[in-house]
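*Asks:* Below are the structure tokens for one structure; questions will follow.
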Amino acid sequence: MELKYKELDKDIAERIDAMFPKKNCFISVSPGNVILPRQFMNIGESIRNLKTYPDDVWLVSYPRTGSTWAQEMIVYTARNPKDLCVSFYYYCKLMHGLQGTFEDFLELFLNENTPIGSYWKHVLPFWKRSSESNVLFLKYEDMKRDLPSIVRKCAKFLQIDYQISEVDLKRICEHLKFDKMQKNPAVNLEPLLNQTDINGNGVQMTTNSCSDIQFIRKGQIGDWKNYISTEMSQRFDEWIDQNTKGSGLSFEYE
Numbered sequence: 006m007e008l009k010y011k012e013l014d015k016d017i018a019e020r021i022d023a024m025f026p027k028k029n030c031f032i033s034v035s036p037g038n039v040i041l042p043r044q045f046m047n048i049g050e051s052i053r054n055l056k057t058y059p060d061d062v063w064l065v066s067y068p069r070t071g072s073t074w075a076q077e078m079i080v081y082t083a084r085n086p087k088d089l090c091v092s093f094y095y096y097c098k099l100m101h102g103l104q105g106t107f108e109d110f111l112e113l114f115l116n117e118n119t120p121i122g123s124y125w126k127h128v129l130p131f132w133k134r135s136s137e138s139n140v141l142f143l144k145y146e147d148m149k150r151d152l153p154s155i156v157r158k159c160a161k162f163l164q165i166d167y168q169i170s171e172v173d174l175k176r177i178c179e180h181l182k183f184d185k186m187q188k189n190p191a192v193n194l195e196p197l198l199n200q201t202d203i204n205g206n207g208v209q210m211t212t213n214s215c216s217d218i219q220f221i222r223k224g225q226i227g228d229w230k231n232y233i234s235t236e237m238s239q240r241f242d243e244w245i246d247q248n249t250k251g252s253g254l255s256f257e258y259e
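In short: position in the sequence shown from 1, add 5, done, that's my numbering.
Set out below in structure tokens:
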């Protein structure tokens with residue numbers, strides 16, 4: 006299927022430009038009507054033509070759903086969209102200099118106009134295939150509540166469970182503890198966010214307003230309650246019900 010690129014609708018482009026420091030930097034990519042950086046036009050075909058092999062393992066997720074946590078594991082990670090929206094907002098502030106309010110970002114998210122586009126168009130196709138033998142569908146909330154079980158599930162999926170002893174399991178789970186990941190400079194992208202110039206002088210990629218934000222932030226289930234009003238939560242619920250009706254997909258929100 007051919008990739009097609011088009012400019013964003015004027016209203017959407019203006020709303021995004023009002024929030025991101027770099028202007029006119031997003032385009033719509035089909036199939037899927039996905040909002041991606043304009044530079045994707047330079048690499049899109051090379052990605053589609055990438056040679057694949059039968060034993061390839063792909064880790065896929067919408068941003069801020071736990072893929073960093075699962076990068077030593079596998080396949081599709083999903084997260085409840087309320088917590089995801091909050092985390093994605095702070096990710097965009099940290100990594101892309103987002104300047105708008107959380108309320109403005111939330112409106113973009115519910116209208117499926119944030120970078121990457123619709124959450125449901127991303128997650129639901131993988132959920133519908135989650136019973137297939139070559140797909141493992143993981144939820145962030147399950148990783149948070151029972152990481153050892155998820156590690157075991159991943160090992161079984163990869164057909165390496167026979168190699169993982171109880172000692173190995175404890176070591177892996179210790180390595181993947183959330184507080185340890187928060188303190189890990191590599192996982193937190195500190196080398197990238199605190200680059201140095203050719204003279205060895207520090208160069209901050211982020212603004213002063215983002216100095217207290219980490220790539221690995223809180224990781225809490227239900228943190229959305231600190232940001233989303235009761236009225237907006239009800240609107241969120243209606244949006245979730247509308248998109249998940251009949252799919253069998255559900256999430257934990259606290």
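Positions of the beta carbon are idealized from the N, C-alpha and C atoms, including for glycine.
DSSP on Ser255, reduced to helix/strand/coil?
*Replies:* Ser255 falls in the coil class under three-state DSSP.
*Asks:* On a Cα-Cα basis, can you pick out the residue from Leu152, Lys11, Tyr95, Leu55 that is closest to Val39?
*Replies:* Among Leu152, Lys11, Tyr95, Leu55, the Cα nearest to that of Val39 is on Lys11.
*Asks:* Thr235 by DSSP, collapsed to three states: which one?
*Replies:* DSSP places Thr235 in helix when its eight states are reduced to three.
*Asks:* Take Pro86 and list the residues in its own chain whose beta-carbon comes closer than 6 Å to its own, dropping the five residues that flank it on each side.
*Replies:* Only Tyr124 meet the Cβ criterion.
*Asks:* Measure the CB-CB distance between Glu146 and Phe256 and report whether it falls below 8 Å.
*Replies:* Closer than 8 Å, so yes.
*Asks:* How many angstroms separate the CA atom of Thr212 from the CA atom of Ser138?
*Replies:* Note that Thr212 scores a pLDDT of 47, beneath 50, so its modelled location is shaky; the value from the coordinates is reported in the next line. The straight-line gap from Cα to Cα measures roughly 45 Å.
*Asks:* Please go through the same chain and pick out, in chain order, the residues whose beta-carbon is closer than 6 Å to the beta-carbon of Phe114, but skip the five residues on each side of it.
*Replies:* Cβ neighbours of Phe114 beyond the five flanking positions: Cys90.
*Asks:* Thinking C-beta only, is Phe93 closer than 8 Å to Pro130?
*Replies:* Their beta carbons are not under 8 Å apart, which means Pro130 does not touch Phe93 by this criterion.
*Asks:* Any idea which residues DSSP pairs Phe31 with across the strands?
*Replies:* Answer is Pro42, bridged to Phe31.
*Asks:* Among residues of its own chain, excluding the 5 on either side of Asn118, which ones have a beta-carbon nearer than 6 Å to its beta-carbon?
*Replies:* Within the same chain, Asn118 has close Cβ partners Ile17.
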